[in-house]
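Our numbering runs 7 ahead of the 1-based position in the sequence shown. All residues carry an ideal CB built from backbone N, CA and C; glycine is no exception.
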Amino acid sequence: GFRKVLHLEQGGLVKPDKDDTEFQHPFFVRGQERLLENIKRKVTGVSPAPKSPEFTPKMGKTLWGKSGQNSPQK
């Protein structure tokens, strides 16, 4: 796939003297511009969870409160 190439002299932690960045991909072929259309962004297989109006992620509690006041009937 598409990835940044890290050289040993760079080490990944030290900023190199030059600001050159190198990437590689099987479809990067000099003189073959038509292959570039085959390069796509990586898509994650995880979809965001649906938002529930009864849950506040910051607080980790339902909007009904700690004591269950005004909670819906079960």
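Check, Outcome
"7 Å CB neighbourhood of Leu43 in its chain, flanking five on each side removed", "Phe34"
"Spatially closest choice to Asn45 from Leu13, His32, Asp27 and Lys11, by CA coordinates", "His32"
"C-alpha gap between Gly52 and Leu13, whole angstroms", "27 Å"
"For Glu29 and Glu40, the rounded distance between their alpha carbons", "17 Å"
"Arg41 - DSSP class collapsed to helix/strand/coil", "helix"
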